[in-house]
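Each position in the sequence shown, counted from 1, maps to that position plus 287 in the working numbering.
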Amino acid sequence: MQSPSDYPVLDFSTTTLPEYSRCYCKVIDDVFSPEDCAALIALAESDNEWEQAAVHYGLGASQNYVDTSYRNSERILRFDHKAAELLFRKLLPYVPELNELKTGTPYSEKIAGVTGLRMHRYKLVGLNERLSFLRYGPGNYFRSHCDGMLQLPDGRKSFVTVQIYLGDEYVQGGATRFWSNNHKRYLDIDPKPGRVLIFQQRELTHSGEDVVQGRKYALRSDLLFVREPLGEEDVDMW
Numbered sequence: 288m289q290s291p292s293d294y295p296v297l298d299f300s301t302t303t304l305p306e307y308s309r310c311y312c313k314v315i316d317d318v319f320s321p322e323d324c325a326a327l328i329a330l331a332e333s334d335n336e337w338e339q340a341a342v343h344y345g346l347g348a349s350q351n352y353v354d355t356s357y358r359n360s361e362r363i364l365r366f367d368h369k370a371a372e373l374l375f376r377k378l379l380p381y382v383p384e385l386n387e388l389k390t391g392t393p394y395s396e397k398i399a400g401v402t403g404l405r406m407h408r409y410k411l412v413g414l415n416e417r418l419s420f421l422r423y424g425p426g427n428y429f430r431s432h433c434d435g436m437l438q439l440p441d442g443r444k445s446f447v448t449v450q451i452y453l454g455d456e457y458v459q460g461g462a463t464r465f466w467s468n469n470h471k472r473y474l475d476i477d478p479k480p481g482r483v484l485i486f487q488q489r490e491l492t493h494s495g496e497d498v499v500q501g502r503k504y505a506l507r508s509d510l511l512f513v514r515e516p517l518g519e520e521d522v523d524m525w
């Protein structure tokens, strides 16, 4: 059986989007069982109703609006520290390369903009407790966009999106589609139940393609980092 830490980062240079060859993206199958997926959907529905998903431009409750020509799907927004911690523990073994972002480590420049001689690093500390459960029926979609990098009041920052596909296995369409800058080329990641898609928020333009048949369920959140000064041993390297 493959060790979680052995799952490779997607090599964009071998795909239709070679210009993203230095960008971070990971596709990991069968992280969650069908029972896990059903339990997560049940958790979302346990005390909330599905509502029309909004477009956000800030952290405030008033900083959003509905535009179904751009984003047409349903959502349950749940703030759940316990669930976020459990999910983070499950995902952490799959992303050892994200434990620390600093100059000289792979993907740090593209993920966090860490370049040159810097006196700090970003430490991975958890999953955002803001859990966005998504439901897409036939004809639903989310048009092309880049995910925003959050700066939370307590200092935590998001650089990486986590998308967990929850079902169903018979859905047609609904891929997460990464786009070239000119929107002439793309790469599709199908919403296979139990699959986890983890990718940097900087630069990677993507969309949620139209669902043709069935219902696509997903859970979206962010990996969060805190900025720390480098230790003496790190500074001595430079």
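Virtual Cβ for every residue (Gly too), placed ideally from N, Cα, C. This one's a predicted model, so the numbers in the text were calculated from it and none came from an experiment.
Residue closest to residue i, alpha-carbon to alpha-carbon, out of the options
{"i": "Pro295", "options": "Leu418, Val382, Leu373", "result": "Val382"}
{"i": "Lys503", "options": "Asn427, Pro305, Phe375, Ile363", "result": "Asn427"}
{"i": "Pro480", "options": "Glu306, Val314, Arg472", "result": "Val314"}
{"i": "Pro380", "options": "Arg464, Ser356, Leu411, Tyr394", "result": "Leu411"}
{"i": "Phe486", "options": "Arg464, Gly501, Val499, Glu322", "result": "Arg464"}
Beta-carbon proximity check, residue i vs residue j, cutoff 8 Å
{"i": "Arg489", "j": "Phe429", "result": "no"}
{"i": "Arg482", "j": "Ser419", "result": "no"}
{"i": "Arg362", "j": "Leu421", "result": "yes"}
{"i": "Arg443", "j": "Phe366", "result": "no"}
{"i": "Pro478", "j": "Val458", "result": "yes"}
{"i": "Ile451", "j": "Phe319", "result": "yes"}
Per DSSP, the bridge partner or partners of residue i
{"i": "Asp475", "result": "Arg464"}
{"i": "Cys433", "result": "Beta-bridge pairing links Cys433 to no other residue."}
{"i": "Ile328", "result": "Per DSSP, none; premise fails for Ile328."}
{"i": "Asp509", "result": "Thr448"}
{"i": "Phe486", "result": "Cys312, Thr448"}
{"i": "Val342", "result": "Tyr352"}
{"i": "Lys377", "result": "In DSSP, Lys377 forms no bridge with anything."}
Reduced DSSP secondary structure (H/G/I, E/B, other) of residue i
{"i": "His407", "result": "strand"}
{"i": "His368", "result": "helix"}
{"i": "Phe420", "result": "strand"}
{"i": "Glu496", "result": "coil"}
{"i": "Tyr307", "result": "helix"}
{"i": "Phe299", "result": "helix"}
{"i": "Leu414", "result": "strand"}
{"i": "Lys591", "result": "Residue 591 falls outside the range modelled here, since the chain spans only 288 to 525, and no answer is possible."}
{"i": "Pro321", "result": "helix"}
Whole-angstrom distance between residue j and residue i, CA atom to CA atom
{"i": "Asp497", "j": "Leu388", "result": "35 Å"}
{"i": "Asn359", "j": "Tyr423", "result": "8 Å"}
{"i": "Arg472", "j": "Ser308", "result": "15 Å"}
{"i": "Cys310", "j": "Asn468", "result": "14 Å"}
{"i": "Ser292", "j": "Lys377", "result": "12 Å"}
{"i": "Arg514", "j": "Tyr409", "result": "4 Å"}
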